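In this note's numbering, the protein residues as written are 118 to 251. Just so you know, even glycine gets a beta-carbon here, dropped at the ideal spot from N, CA and C. Predicted model, so just to flag it, every value in this text is computed and none were measured.
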């Protein structure tokens with residue numbers, strides 16, 4: 118709509134350059150603002166119709182990424198054992214997380230501090246989680 122008004126406006130001759138410039142700039146700003154509003158509303162409506170969780174998509178991409186490129190991946194392993202006389206079921210959730218960390222500094226003192234702090238927190242709160250730097 119604003120483009121059609123702009124084209125009609127350009128077909129008329131205005132002798133005053135100042136008023137012509139002001140009217141032209143107002144139309145250009147009106148076009149930019151209306152395009153922004155239309156695109157922003159389209160984005161809002163598309164997100165409302167798309168009910169897929171973005172975090173699930175991200176985790177799925179991380180799970181299926183190639184481990185040779187040092188990308189992050191998570192794997193769950195269920196371990197169970199049984200005997201003939203009595204059935205002992207042991208269901209341990211082992212989560213293995215491989216991550217690559219890049220730093221600009223040559224030392225790894227900051228990472229060691231965070232790892233030690235997390236391991237101490239895990240030990241104090243009876244969590245069976247430890248982190249090792251390799």
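*asked:* In whole angstroms, give me the CA-to-CA distance for residue 138 and residue 177.
replied: Here residue 138 refers to the residue found at position 21 of the chain shown. Here residue 177 refers to the residue found at position 60 of the chain shown. So the two alpha carbons sit approximately 53 Å from each other.
*Looking only at C-alpha atoms, which of 135, 133, 140 sits nearest to residue 125?*
The residue you call residue 125 lines up with position 8 of the chain shown. When only C-alpha atoms are compared, the closest one is 140.
*DSSP state of residue 243, grouped into three classes?*
Here residue 243 is taken as the residue at index 126 of the chain shown, counted from 1. Coil, per DSSP.
_DSSP three-state label for residue 129, please._
Counted from its first residue, the chain shown places residue 129 at position 12. Coil.
_Assigned secondary structure, residue 248 (DSSP; H/G/I helix, E/B strand, else coil)_ = Along the chain shown, one-based indexing puts residue 248 at 131. Correct three-state label for residue 248: coil.
*Distance CB(residue 161)-CB(residue 144) smaller than 8 Å*: Position 44 of the chain shown, counted from the first residue, corresponds to residue 161. Position 27 of the chain shown, counted from the first residue, corresponds to residue 144. No, they are not a contact pair.
*Can you give me the Cβ contacts of residue 239 inside the same chain, cut-off strictly under 6 Å, excluding the 5 residues immediately before and after it?*
Counted from its first residue, the chain shown places residue 239 at position 122. Excluding residues within five positions, the ones whose Cβ falls inside 6 Å are 246.
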